[in-house]
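Numbering follows the UniProt record's numbering, with no gaps: position 40 of the sequence shown is 40. Contents: one structure, followed by commentary.
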Amino acid sequence: MFSASQDDVHRFYADHHGWLNGWLRKKLGNSFDAADLAQDTFVRVLRHRRELPGVREPRAYLVTIAGRLLLNHYRRRSLERAYEEALAVMPLESAPSPEQRLLIFEALDQIDTLLSALPLKTRRAFLLAQVEQLPYAEIAEQLQISVRTVQRHILRAYEQCILVMDAS
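Put into structure tokens, the structure is as follows:
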């Protein structure tokens with residue numbers, strides 16, 4: 001498959017940016033976030049411009065990309081709210097500084113991204129072990145898999161954590 005030319009990408013952007021921005025604005029109710037997600041969508045289109053010549057339904061293609069980014073946006077906002085709620089009940093003297101808050105939130109965002117990339121059973125096994133602190137036998141029972149499979153899932157999750165830490 002041939003890669004789209006710079007003119008093709010420019011034309012694709014010119015033809016569909018306004019529509020995509022409007023679609024995102026309706027979904028978000030916020031023109032600033034809509035503009036950011038529209039830009040991120042077209043950055044992805046640019047990164048995968050080899051696919052562009054094969055796109056028969058441009059709006060469906062853009063909605064697929066933007067929809068994934070929208071889900072990430074909502075997940076990140078939910079994570080931010082949960083973190084802010086946890087901070088609100090914390091005594092003022094033990095609350096982290098604004099710089100520490102930013103570092104903590106960035107770490108939480110990386111963890112969330114890492115976990116969402118794991119296969120469902122791997123993610124569930126890892127969270128049950130780490131967050132709920134359940135024994136492997138109980139995790140195996142809940143997930144209806146063997147203890148050995150639980151161990152493999154958790155090992156796979158740890159390997160991904162190590163890869164992300166090494167990349168940072």
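We put the beta carbon where it would ideally sit given N, CA and C, even for glycine. The structure displayed is predicted, hence computed values, not measured ones.
How far does the alpha helix (DSSP H) with residue i in it reach, from first residue to last?
i, result
"G67", "58-88"
"M137", "According to the sequence displayed, residue 137 carries Ala and not Met. Segment 136-143, the alpha helix (DSSP H) holding A137."
"V164", "147-167"
"N30", "Per DSSP, N30 belongs to no alpha helix (DSSP H) and is neither H nor E."
Around the C-beta of residue i, are 16 or more other C-beta atoms found within 10 angstroms, so that it is buried, or is it exposed?
i, result
"V150", "buried"
"V45", "buried"
"Y61", "buried"
"H10", "exposed"
"A157", "buried"
"L103", "exposed"
"W23", "buried"
For residue i versus residue j, is the C-beta spacing smaller than 7 Å?
i, j, result
"A4", "L52", "yes"
"T113", "H153", "no"
"L128", "I139", "yes"
"P58", "H17", "no"
"L69", "L37", "yes"
For a minimum of 4 consecutive residues, which ranges assigned as the alpha helix (DSSP H) are wholly contained in the region 103-139? Inside the region 103-139, DSSP marks whole alpha helix (DSSP H) runs of 4 or more residues at positions 120-130, from first to last along the chain.
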